[in-house]
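Notes follow the structure.
In our numbering, the protein residues as written are 201 to 532.
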């Protein structure tokens with residue numbers, strides 16, 4: 201059953217969608233009250249050791265709640281994690297972080313790990329975590345291949361600012377369902393076809409992406425999100441993508457031809473489309489008219505005039521936002 205991610209308040213700070221912010225002094229009563237609706241607890245300034253111990257005790261019965269530590273300037277160690285031996289989901293967005301090897305002893309059963317940007321790239325070679333189901337890495341190259349290869353049970357992988365097929369060219373992830381690539385580069389998009397169980401694929405500002413025919417060789421793909429890929433001119437023939445139900449296209453500046461969406465129109469299972477394209481011809485939408493299953497579309501074509509013109513070609517209710525859709529359909 202899907203949990204109700206309503207707004208919650210902790211320590212007087214309001215956060216949306218089940219995200220709660222804690223600080224020192226720790227408001228124990230508020231944490232206890234709002235914990236049942238929380239999906240993530242985060243802090244920027246460190247708590248006292250006693251407060252970390254209390255927070256650990258409060259969350260012991262909720263191991264599915266993610267803990268996020270974020271900070272730009274504060275030097276940090278991971279010693280506070282000794283109070284959270286039950287934790288399964290951890291996000292570290294701490295620019296001063298220099299060493300993550302303590303995770304081996306503190307959280308050996310970790311299932312979800314996010315490693316954000318740091319002033320100096322982290323060395324991941326010491327990590328011996330082998331039960332990860334979700335991994336997110338921003339800019340850390342050393343040891344990444346071994347970490348990924350050592351976790352064949354990964355279901356979700358997010359990589360930012362990395363040459364992905366150079367670092368992970370031979371990796372095998374038979375259970376991978378979600379792949380998010382942001383910034384960075386890829387030499388051959390066919391690399392993604394190694395992951396035949398993919399259900400969700402996001403490509404955002406990834407250098408080297410131009411021709412997309414490889415996407416048609418992902419039989420389980422359900423959601424495709426393409427954003428700011430400057431060389432992409434059109435979508436390929438997606439008639440083989442029988443499970444594809446949603447596509448979001450944003451800022452594809454070279455998509456300017458009338459046949460740009462013809463390949464997408466051949467995806468018979470398509471139900472939802474988000475189109476934020478300032479240069480695509482309105483006439484390109486003709487390919488979608490009469491699509492048998494398309495029932496929701498949002499159009500952002502760069503001006504009110506173009507949006508009105510497009511609505512005379514195809515006018516359907518709007519789908520939920522990509523962010524709400526991502527949360528509802530999170531793989532792990």
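Cβ atoms here follow ideal geometry from the backbone N, Cα and C, with glycine treated the same way.
DSSP state of residue i, grouped into three classes?
i           : result
residue 309 : coil
residue 396 : coil
residue 476 : strand
residue 218 : coil
residue 390 : helix
residue 406 : coil
residue 304 : helix
residue 441 : coil
residue 500 : strand
residue 529 : coil
residue 240 : strand
residue 186 : For residue 186 there is no data in the structure shown, the boundaries of the chain being 201 and 532.
residue 256 : helix
residue 372 : coil
residue 284 : coil
residue 210 : Confidence at residue 210 is low in this model, with a pLDDT of 34, below 50, so its placement is unreliable and the value that follows should be read with caution. Correct three-state label for residue 210: strand.
residue 224 : coil
residue 251 : helix
Between the Cα of residue i and those of the options, spot the shortest distance and give me the residue it belongs to.
i           : options               : result
residue 384 : 395, 377 and 358      : 358
residue 304 : 386, 325 and 508      : 325
residue 388 : 398, 367, 290 and 374 : 367
residue 404 : 449, 312, 394 and 437 : 449
residue 518 : 495, 510 and 505      : 495
residue 307 : 299, 297 and 284      : 284
residue 296 : 275, 516 and 312      : 275
residue 252 : 240, 222 and 497      : 222
residue 458 : 477, 447 and 446      : 477
residue 232 : 224, 248, 250 and 257 : 257
residue 532 : 399, 410 and 487      : 399
Could you tell me which residues DSSP pairs with residue i in its beta bridges?
i           : result
residue 520 : In DSSP, residue 520 forms no bridge with anything.
residue 422 : Per DSSP, none; premise fails for residue 422.
residue 291 : 268 and 314
residue 338 : 360
residue 378 : 356 and 400
residue 449 : 426 and 475
residue 385 : 363 and 407
Is the Cβ-Cβ distance between residue i and residue j less than 9 Å?
i           : j           : result
residue 376 : residue 354 : yes
residue 278 : residue 287 : no
residue 266 : residue 289 : yes
residue 456 : residue 472 : no
residue 397 : residue 374 : yes
residue 438 : residue 423 : no
residue 460 : residue 484 : yes
residue 493 : residue 469 : yes
residue 360 : residue 337 : yes
residue 322 : residue 342 : yes
residue 254 : residue 226 : yes
residue 440 : residue 465 : no
residue 314 : residue 293 : yes
residue 230 : residue 356 : no
residue 418 : residue 435 : no
residue 412 : residue 426 : yes
residue 513 : residue 498 : no
Is there a C-beta anywhere in chain C that falls below 9 Å from the one on residue i?
i           : result
residue 399 : The question asks about chain C, but that chain is absent: this structure has only one protein chain.
Does the count of Cβ pairs from the region 238-246 and the region 266-275 closer than 8 Å reach three?
A contact exists between the region 238-246 and the region 266-275.
Counting beta carbon pairs with one atom in the region 451-467 and one in the region 411-431, are three or more of them shorter than 8 Å?
With the cut-off at 8 Å, the region 411-431 and the region 451-467 touch.
Inspect the CB distances between the region 494-510 and the region 323-342 and report whether three or more fall short of 8 Å.
Inter-segment contact for the region 494-510 and the region 323-342 is absent: fewer than three beta-carbon pairs are separated by less than 8 Å.
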